[in-house]
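Enquirer:
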Amino acid sequence: MNRSDVDEAVSIAGALARYMTSLTPSSANPYAEKLAAYSPALLWGSKSTFYVGLAGAASAATIASRNRNRQFLAENAHRLPKTKEGWYIYHRYKQLEIFRAASSWSAAPSGALRFGSIAASFCVIEHLFETRLLSRESWANAFVAGISSGALFSIAARLTIQYSKRAIFFGSMAGLSIGVLQDVAAFATGVSVKNPKKLRSGSLDFWIPFWDWDRGLDGFGVFRRGS
Numbered sequence: 048m049n050r051s052d053v054d055e056a057v058s059i060a061g062a063l064a065r066y067m068t069s070l071t072p073s074s075a076n077p078y079a080e081k082l083a084a085y086s087p088a089l090l091w092g093s094k095s096t097f098y099v100g101l102a103g104a105a106s107a108a109t110i111a112s113r114n115r116n117r118q119f120l121a122e123n124a125h126r127l128p129k130t131k132e133g134w135y136i137y138h139r140y141k142q143l144e145i146f147r148a149a150s151s152w153s154a155a156p157s158g159a160l161r162f163g164s165i166a167a168s169f170c171v172i173e174h175l176f177e178t179r180l181l182s183r184e185s186w187a188n189a190f191v192a193g194i195s196s197g198a199l200f201s202i203a204a205r206l207t208i209q210y211s212k213r214a215i216f217f218g219s220m221a222g223l224s225i226g227v228l229q230d231v232a233a234f235a236t237g238v239s240v241k242n243p244k245k246l247r248s249g250s251l252d253f254w255i256p257f258w259d260w261d262r263g264l265d266g267f268g269v270f271r272r273g274s
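Residues 48 to 274 in our numbering are what the sequence shown spells out, letter by letter.
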């Protein structure tokens, strides 16, 4: 590395440091105004679908690569190489096969599509219950959305009755966990997780359907938040 390369690297680092120290909310996110024009529910659903899809792709790719690695070892157990060059080619070919298995349509893309579809259906059902039935944010919306998503997954995957029960159970537990976490975050911050600009309506953050808090547990501090 000569002196010109060092000077160029120093100038690039200096320019990057000046850029980072001069960031403002508008310059850091030039699309903030455009994103603000979209519905918060749409943004929440899009982000949830994207990140859950990434998790599904990573999970499916990991499982496919692990299975292909074991299959490759079993297929070539009787013909192991005997030279250094042979071992090099053996490992390189194994890595290529693992990469092909992880990136095939039945692995990462399919996992992203399946998980993303479940997340999208969950967000849509939760939003419908929130706006059409209960008219408020509550853990009950996420709980019902989890049950419905589990049922839709069972129908789409053509699961047996036994496995369908498990899918619905896990969906309900996942929905309940998500709903409770949303309510806990709203209880701590006073704003909606899905829309930070929206204050949670009413004084109750934890809400049980068909329960009259004023008559039942009036002023029970764990469940109530000051107006």
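For each residue, glycine too, the CB sits at the ideal point set by N, CA and C.
All values derive from a computational prediction rather than experimental measurement.
Whole angstroms is fine: what's the gap from residue 279's alpha carbon to residue 211's?
Expert: Nothing in the structure corresponds to residue 279, since the chain is present only between 48 and 274.
Enquirer: Use the C-beta contact count for residue 59: other C-beta atoms within 10 angstroms, 16 or more gives buried, fewer gives exposed.
Expert: For the purposes of this step, residue 59 is taken as residue 12 along the sequence shown, with counting starting at 1. With fewer than 16 Cβ atoms within 10 Å of its Cβ, residue 59 is classed as exposed.
Enquirer: Within a Cβ cutoff of 7 Å, which residues of the same chain sit near residue 192, ignoring the five residues on either side of it in sequence?
Expert: Locating residue 192 in the sequence shown gives position 145, counting from the first residue. So the qualifying residues of the chain are 169, 172, 173, 176, 222.
Enquirer: Using 10 angstroms around the beta-carbon of residue 130, count the other beta-carbons present and answer buried if the total reaches 16, otherwise exposed.
Expert: By 1-based counting over the sequence shown, the position of residue 130 is 83. The residue is exposed, with fewer than 16 neighbouring Cβ atoms inside 10 Å.
Enquirer: Sort out for me which residues DSSP pairs residue 238 with in a bridge.
Expert: As a working mapping, residue 238 is identified with position 191 in the sequence shown. Answer by DSSP bridge pairing, in chain order: 246.
Enquirer: Closer than 6 Å by C-beta to residue 245: which residues in its own chain qualify, once you throw out the five before and the five after it? Chain order, please.
Expert: On the sequence shown, position 198 is the one that residue 245 refers to. So the qualifying residues of the chain are 239.
Enquirer: Are at least three pairs of beta-carbons, each pair with one atom in the region 153-169 and one in the region 98-111, less than 8 Å apart?
Expert: These segments touch.
Enquirer: Just how far apart, CA to CA, sit residue 188 and residue 87?
Expert: Counting from one through the sequence shown, the residue named residue 188 turns up at place 141. Counting from one through the sequence shown, the residue named residue 87 turns up at place 40. Rounded to the nearest angstrom, the two C-alpha atoms are 17 Å apart.
Enquirer: Could you please give the first and the last residue of the uninterrupted alpha helix (DSSP H) stretch that includes residue 107?
Expert: Walking along the sequence shown from the start, residue 107 turns up at place 60. Its alpha helix (DSSP H) spans residues 87-122.
Enquirer: Expressed to the nearest angstrom, what Euclidean distance is found between the alpha-carbon atoms of residue 144 and residue 116?
Expert: In the sequence shown, the residue the question calls residue 144 occupies position 97. In the sequence shown, the residue the question calls residue 116 occupies position 69. Distance between the alpha carbons of residue 144 and residue 116 is about 8 Å.
Enquirer: Using a 10 Å radius around the Cβ and a threshold of 16 neighbouring Cβ atoms, would you call residue 153 buried or exposed?
Expert: Here the question's residue 153 lines up with position 106 in the sequence shown. With fewer than 16 Cβ atoms within 10 Å of its Cβ, residue 153 is classed as exposed.
Enquirer: Do residue 197 and residue 99 have their C-beta atoms within less than 8 Å of each other?
Expert: In the sequence shown, residue 197 corresponds to position 150, counting from 1. In the sequence shown, residue 99 corresponds to position 52, counting from 1. No; because the gap between Cβ atoms is not below 8 Å, this pair is not in contact.
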